[in-house]
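Top line first, the protein sequences correspond to chains A and B. Each residue of the first sequence is one higher than the last, beginning at 1 in the working numbering. Each residue of the second sequence is one higher than the last, beginning at 268 in the working numbering. Structure record follows, encoded as structure tokens.
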Amino acid sequence: MKQYLSFFRIRFVAGLQYRAAALAGIVTQFAWGFLSVLMYKAFYESNPDAFPMEFSQLVTYLWLQQAFLALFMPWLFEQDIFDSVVSGNVAYELCRPCDTYNMWFARNAATRLSNTVLRCMPILIVTAFLPAPFRMTLPAGWLNAALFLVSMILGFLVQVSISLIIYISAFYTVSAQGIKMLSITLTEFLSGAVIPIPFFPEAVQKVFNALPFASIQNTPFLIYVGYTGGAEAAIAVALQAVWLVVIIVAGRLLIGHAMKKVVVQGG
Amino acid sequence: MIELKNINKTFRVAKRNAGFKEAVRALFRKEYSYVEALKDVSFTIGDGEMVGYIGPNGAGKSSTIKIMSGIMSPDSGECVINGRVPWKQRKEHVRDIGVVFGQRSQLWWDVPVIDSFELLKDVYRVPDAQYKKNYGELVELLDIGEIVRTPVRQLSLGQRMRCEIAASLLHSPKVLFLDEPTIGLDAVSKIAVREFIKTINRENKTTVILTTHDMQDIEALTERIILIGKGRILLDGSLDELKSRNSGKKTLTIAYVGDKLPAIDRLTVTKDIGGHAEIVLDSSEISVSDAIAAISGAVEIKDVSVEGTTVDEMVVALYKEFRI
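See below:
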């Protein structure tokens with residue numbers, strides 16, 4: 001365990017170095033957040049009845065999304081890992097007495113967390129003091145707050161385990177670019193990162209909720225704002241745990257297969 | 268103890284001819300050819316030995332190293348290192364080995380070298396006392412005390428390579444694989460690296476297997492060489508054995524007063540351009556000093572240099588002999 005913590009630490013520390021990137025990220029996320037809020041406000045004003053949730057709930061959802069962007073975004077990959085597979089540098093990693101899957105998991109989790117640590121606080125604090133319709137609200141209750149925390153950790157791990165599958169696929173293709181793009185687009189859309197899932201038609205929602213992607217940011221954010229609560233929320237959290245196990249098992253099987261037929265490229 | 272028996276490995280390589288038409292055709296029908304990277308490779312290396320593993324590009328050197336370090340499995344054959352099969356007991360096996368791939372880097376690019384070392388310490392679970400001892404020794408022997416606090420991206424190639432080698436030895440491996448460790452290094456760094464390799468082989472009884480194109484590396488370091496070409500072992504023996512396979516031809520280059528050398532018994536003049544000449548002799552027929560005496564008896568010598576056959580030439584000769 002200690003060795004994976006070390007991978008986590010070295011990546012975490014390296015991530016904290018990039019302060020200018022974090023600052024730029026914060027500015028971008030504020031701008032993006034405001035644009036989204038204003039756009040939904042226009043929809044809300046034209047027809048409040050067509051809205052599946054309160055406007056304040058939606059605003060909170062959007063700010064949470066911006067604050068914890070690095071935790072859940074499907075496009076946050078470690079280029080190093082792809083490069084190492086393509087160039088053959090992965091040879092070194094395979095020469096270590098540790099599990100490649102766990103090592104990559106620790107690295108990806110660390111990058112996401114270090115990015116989030118640098119970015120979330122300014123966004124959470126500032127948006128909590130914005131004027132009324134744009135303000136981020138507190139969790140919908142103590143139970144929701146507790147479930148939100150558990151659900152957020154699970155959602156984060158589900159996203160990392162999905163990213164891991166994309167990394168492993170690099171062993172099978174010469175360039176992982178295609179799979180990467182496809183996975184980013186699909187995950188963003190199906191996880192409710194583009195449009196929150198409750199805004200989709202009922203039938204579409206059913207499909208989305210049956211997929212693992214709904215277990216990433218959708219579940220924790222909807223619990224926080226109180227859109228889901230009680231037993232429904234508990235079931236959603238349990239579902240996250242199930243998906244996490246399933247995707248990790250799938251990733252491990254895949255990497256096991258890849259390792260058997262691995263050909264390290266280049267001299 | 269390293270034992271390889273009848274190792275075979277074949278790669279599938281995608282092939283197509285040049286040109287747009289061919290590229291389009293390859294979209295629908297891919298053609299592959301099969302390259303036999305290793306054919307029936309067998310050898311045994313004892314503990315504490317230092318072996319040079321040489322061969323031309325594409326001979327199968329790196330493939331053998333990859334198999335021995337457990338990151339690739341052969342199609343058939345046996346390989347047992349310290350009682351373990353590398354690719355089957357990978358995790359246990361790699362704990363005992365250190366690997367340096369000269370063309371790759373194991374250090375983290377954007378953090379100081381020391382951070383990578385600390386990470387490796389945790390990865391290999393090196394006890395504090397042992398780490399301290401190894402670290403102290405490596406820093407001193409490789410002279411990297413000044414640079415371990417520098418981010419890797421700011422190191423020169425020679426500095427980085429010394430750090431790479433140190434990184435591979437922090438866990439006191441029993442076997443060290445060096446895959447072209449001196450590639451791209453300047454003379455000073457090469458000598459430092461060679462000296463260091465000799466020291467750890469002597470002091471710590473580390474088994475060292477070295478692949479290289481640099482024949483000076485081999486001459487300076489190893490007693491035993493294994494020559495591989497086109498996936499087959501061509502020669503497994505001492506460097507002297509390799510040398511003795513070649514006749515004792517020497518080349519004398521002389522500068523003399525006059526414009527033509529008279530013919531001298533047992534010497535072959537290969538080039539003579541008024542005042543400068545190249546003479547080839549076979550040291551089993553005439554000694555170098557006798558030859559020089561004979562020449563100086565005929566003409567006045569201004570300058571002379573003697574060259575034996577270099578190991579490079581021997582290897583080239585061997586390639587020719589085995590038609591590879």
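All residues carry an ideal CB built from backbone N, CA and C; glycine is no exception. Keep in mind the model is a prediction, meaning the values are calculated, not measured.
- In this structure, M339/B sits away from T489/B, with a CB-CB distance that is not shorter than 7 Å.
- C-alpha of R292/B to C-alpha of Y299/B: approximately 13 Å in a straight line.
- The beta carbon of W354/B is closer than 6 Å to those of G337, S340 in its chain, skipping five residues each way along the sequence.
- A Cβ-Cβ separation of about 6 Å places A544/B in contact with K538/B under the 8 Å criterion.
- Ranked by Cα distance from V361/B, the options V308/B, S511/B, D377/B, S439/B are led by S439/B.
- Per DSSP, A293/B has no beta-bridge partner at all.
- The C-beta of L76/A comes no closer than 7 Å to any C-beta of chain B.
- Between D446/B and G498/B, the C-beta spacing is not below 7 Å.
- Taking 7 Å as the cut-off, the beta carbon of I492/B is found closer than this to the beta carbon of I321/B.
- The continuous beta strand (DSSP E) containing N273/B extends over residues 269-282.
- Of all residues in the stretch 375-393 of chain B, the ones placed with a Cβ closer than 9 Å to any Cβ belonging to chain A are W375, W376, D377, V378, D382, S383, E385, L386, L387, K388, D389, V390, Y391, R392, in chain order.
- Where A20/A is concerned, the enclosing alpha helix (DSSP H) starts and stops at 19-46.
- Across the set N209/A, A128/A, V160/A, the C-alpha of A128/A shows the shortest separation from the C-alpha of V59/A.
- By the Cβ neighbour-count rule, E431/B is buried, with 16 or more other Cβ atoms within 10 Å of its own.
- When the Cα atoms are used, F51/A and I216/A turn out to be separated by approximately 23 Å.
- Taking the beta carbon of K358/B as reference, the chain A residues within 9 Å of it are R96, P97, C98, D99, listed in sequence order.
- With contacts defined by Cβ atoms closer than 7 Å, R112/A and L64/A do not form a contacting pair.
- Looking at the backbone, the Cα of L211/A and that of A21/A are separated by about 33 Å.
- Nearest neighbour of S191/A by Cα position, chosen from G226/A, C95/A, V158/A, turns out to be V158/A.
- Restricted to the stretch 376-423 of chain B, the alpha helix (DSSP H) segments that are unbroken, complete and at least 4 residues in length are 380-390, 395-409, listed in chain order.
- With a contact defined as Cβ atoms closer than 8 Å, I495/B and G327/B qualify at about 5 Å.
- Close to V366/B, with beta-carbon spacing below 9 Å, are these residues of chain A in chain order: A91, Y92, C95.
- Interface with chain A (7 Å Cβ-Cβ cutoff): I432/B is excluded.
- Along the stretch 425-450 of chain B, there is no position whose C-beta sits under 7 Å from a C-beta of chain A.
- Contact annotation: in the stretch 328-351 of chain B, residues whose CB is within less than 8 Å of a CB in chain A are S329, K333, S336, G337, I338, M339, S340.
- Counted as a single uninterrupted DSSP element, the beta strand (DSSP E) harbouring H543/B occupies residues 543-549.
- In the three-state reduction of the DSSP assignment, F444/B falls in the strand class, which pools E and B.
- Positions of the alpha helix (DSSP H) runs, each at least 4 residues long and wholly inside the stretch 327-370 of chain B, are given as 328-335, 357-362 in order along the chain.
- Under the Cβ distance rule, A238/A does not count among the residues neighbouring chain B, no pair being separated by less than 7 Å.
- Proximity of chain B to I125/A at the Cβ level (cut-off 7 Å) is not reached, the minimal Cβ distance being about 29 Å.
- Scanning P122/A, V242/A, W104/A for the CA closest to the CA of Q29/A turns up P122/A.
- Distance from the Cα of G33/A is smallest, within the candidate group F156/A, L124/A, I197/A, for L124/A.
- Under the three-state reduction of DSSP output, Y167/A falls in the helix class.
- The shortest CA-to-CA distance from E470/B to any of N284/B, L405/B, R351/B, D532/B is the one to L405/B.
- Bridge partners of S572/B according to DSSP: T520/B.
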